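The block underneath contains the structure these notes are about, expressed in structure tokens.
Protein chains in written order, with the numbering used here: chain A, 1 to 361; chain B, 1001 to 1192.
Below you can see the structure in the form of structure tokens.
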């Protein structure tokens, strides 16, 4: 049976989260391919409404216009309100541009992934694809030829033809070309460009096919790939959900965590209020490489030497310490050494902090 | 509504026999399906997309979404093209269009800004629009901008879309494409 867009959409796990586009983009692509998410949408019912509309569009039951109308009604019923100052912007879920980009990008992505999967089964006859305009945009991006050339340049010229903007289906240039890191269309938000399968004769005439003395990497482009799709499609919804939850927790480490069924930022260096025990748990989870725990370091410096902030010594550190002191809320029985320290820091008053600066702990 | 076109029995008996003899038919059928899929996608891109819309309005991406939804499949003597995109079937076969549930009127865009949008999405929504009524029949016939008086939508109870058989390549051509892909597969012995 041929894989279709609705099959792929049905296999996606809805993940309500506070994560923004850049943070989702930083996650492994396979997670993005298996999760249904929208930037900064942490309400499951809102996400489900979008998921339903994309599913109906992919099944050929709703047009974009009908989907937008129904979404507006749903969001109204759910009492969704954009944040003050964000009304009508791309961050406002009821705005036409946000709805259009969310619905269309998801629709084109699942259909693009499905065609990629079908073409893997037809690589012998259709080993390549051409990058072509499929929608006349009002302001088309003019730099696609340069972007395509750069994508080929950053990977390999074997199996690609820059002038004709085409390459073997499994050429790594497609991943390099995509802002989503995937080898299928669309390759950018609101893009009118897409892919058209290319037959073997044309691929040969354009010099894309590996010859007898081809590099092994070039030859490998003719081997069908799977991207773990079959496994995903065969797994039960529970298993898929477990896999995504574990992978997200692993990738995000301490930066964000599951709170029931949604992902929330832990804000380890920010201002989000925490009880001492919860703050200690956030720090305990660790951070992805390169991200320091600034407030924890300030707390430990204070523990080692309570006069460390005298005359605002280590100015940034005092700022971190001060922010930490203000975010710790009362409650809970401190158990560990760190929790006791945090409990104490949270009890410091403004005049206590001023005294620390004067060197009077 | 989806459009599905099935083309049968265009393979020669010899070709059908050779396909039937194959132990693993999936590769040849996949290539036949992809050939048909490519043909329809290319047809939408080269024939339908350049036609634009009557108002000369910016594209809503109708054909792009239609292209992405095309799925071609083959079973040996049957090639099937499924297009899961609302409106393609209506364009192809033609037919009447009536207002949706709970609606009394169809809104036909009168200006490029209204193309592909509902009345609530044009000119800042309903509060900036007014309905125009026929002086004699007292029936509404259009929605206009309050500010400029420009007619944004025509109102009608029913519209009839003419059939556009050129939405898809001729069935004969689709069948030939599937057969050509099968022959190419057999010629190279299924090698990748």
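Yeah, the Cβ is synthetic: ideal placement off N, Cα and C, and Gly gets one too. Note that the structure is predicted; figures quoted are calculated from it, not measured.
Here residue 99 of chain A is buried. Its C-beta has 16 or more other C-beta atoms within 10 Å. Leaving aside the five residues that flank residue 1032 of chain B on each side, the residues in its chain whose CB is nearer than 7 Å to its CB run, in chain order, 1074, 1079, 1178, 1181, 1182. Taking a C-beta cut-off of 7 Å against chain A, the contacting residues of the region 1161 to 1185 of chain B are 1181, 1184, 1185, listed in chain order. Counted as a single uninterrupted DSSP element, the beta strand (DSSP E) harbouring residue 1132 of chain B occupies residues 1129 to 1133. Closest in alpha carbon position to residue 1108 of chain B, among B:1155, B:1176, B:1138, is B:1155.
Between residue 66 of chain A and chain B, the shortest Cβ-Cβ separation is below 9 Å. Collapsing the DSSP output to three states places residue 250 of chain A in a helix. Residue-level contact check: residue 1117 of chain B touches chain A, since one or more beta carbons of chain A fall below 9 Å from its beta carbon. In this structure, A:75 is the residue among A:75, A:89, A:242, A:124 with its C-alpha nearest to the C-alpha of residue 48 of chain A. Taking 9 Å as the CB threshold, residue 1096 of chain B stays off the interface with chain A. Contact of residue 126 of chain A with chain B by beta-carbon distance below 8 Å involves 1031, 1034, 1035, 1038.
Nearest neighbour of residue 326 of chain A by Cα position, chosen from A:274, A:166, A:291, A:180, turns out to be A:274. Leaving aside the five residues that flank residue 339 of chain A on each side, the residues in its chain whose CB is nearer than 7 Å to its CB run, in chain order, 276, 277, 280. Within its own chain, the residues whose Cβ lies closer than 8 Å to the Cβ of residue 1174 of chain B, once the five positions on either side in sequence are excluded, are 1005, 1007, 1036, 1039, 1040, 1079, 1081, 1168, listed in chain order.
Rounded to whole angstroms, the separation of the alpha carbons of residue 15 of chain A and residue 304 of chain A is 42 Å.
A buried status is given to residue 155 of chain A, since no fewer than 16 other beta-carbon atoms sit within 10 Å of its beta-carbon. Rounded to whole angstroms, the Cβ separation of residue 240 of chain A and residue 63 of chain A is 29 Å, and the two are not in contact under 8 Å.
Only 1087, 1088, 1089, 1100 from the region 1087 to 1114 of chain B bring a Cβ to less than 9 Å from some Cβ of chain A. Counting the other Cβ atoms within 10 Å of the Cβ of residue 354 of chain A gives fewer than 16, which makes it exposed. The DSSP-derived three-state label of residue 53 of chain A is helix.
For residue 1106 of chain B, the enclosing beta strand (DSSP E) covers residues 1106 to 1109. Taking a C-beta distance under 9 Å as the contact criterion, residue 197 of chain A and residue 129 of chain A qualify as a contact pair. Contact check between the region 1127 to 1146 of chain B and the region 1056 to 1073 of chain B: fewer than three CB pairs, one atom from each, fall below 8 Å, which does not count as touching. Taking the Cα of residue 152 of chain A as reference, the smallest distance to any Cα among A:175, A:322, A:141 is reached at A:175. Using a Cβ-Cβ cut-off of 9 Å, residue 1083 of chain B counts as an interface residue toward chain A, since at least one Cβ of chain A sits closer than that to its own.
Neighbourhood of residue 1049 of chain B in chain A, by CB distance below 8 Å: 134, 135, 136, in chain order. When DSSP states are grouped into helix, strand and coil, residue 269 of chain A belongs to the coil group. Ranked by Cα distance from residue 1148 of chain B, the first of B:1111, B:1067, B:1187 is B:1111. Between residue 30 of chain A and residue 262 of chain A, the C-beta gap is not smaller than 9 Å, which leaves the two residues out of contact.
In chain order, 16, 17, 47, 50, 93 place their CB closer than 8 Å to the CB of residue 41 of chain A, counting only its own chain and leaving out the 5 sequence neighbours on each side. For residue 1067 of chain B, at least one C-beta of chain A is nearer than 9 Å to its own C-beta.
Neighbours of residue 1026 of chain B in chain A, taken as residues at a C-beta separation under 9 Å, are given in chain order as 121. The C-alpha of residue 72 of chain A is placed about 10 Å away from the C-alpha of residue 79 of chain A.
In terms of Cβ geometry, residue 1118 of chain B and residue 69 of chain A form a close pair [threshold 9 Å]. One alpha carbon belongs to residue 270 of chain A, the other to residue 36 of chain A, and they sit about 28 Å apart. Shown here for residue 283 of chain A: same chain residues with a beta carbon closer than 6 Å to its own, the five before and five after excluded, namely 293, 296 in chain order.
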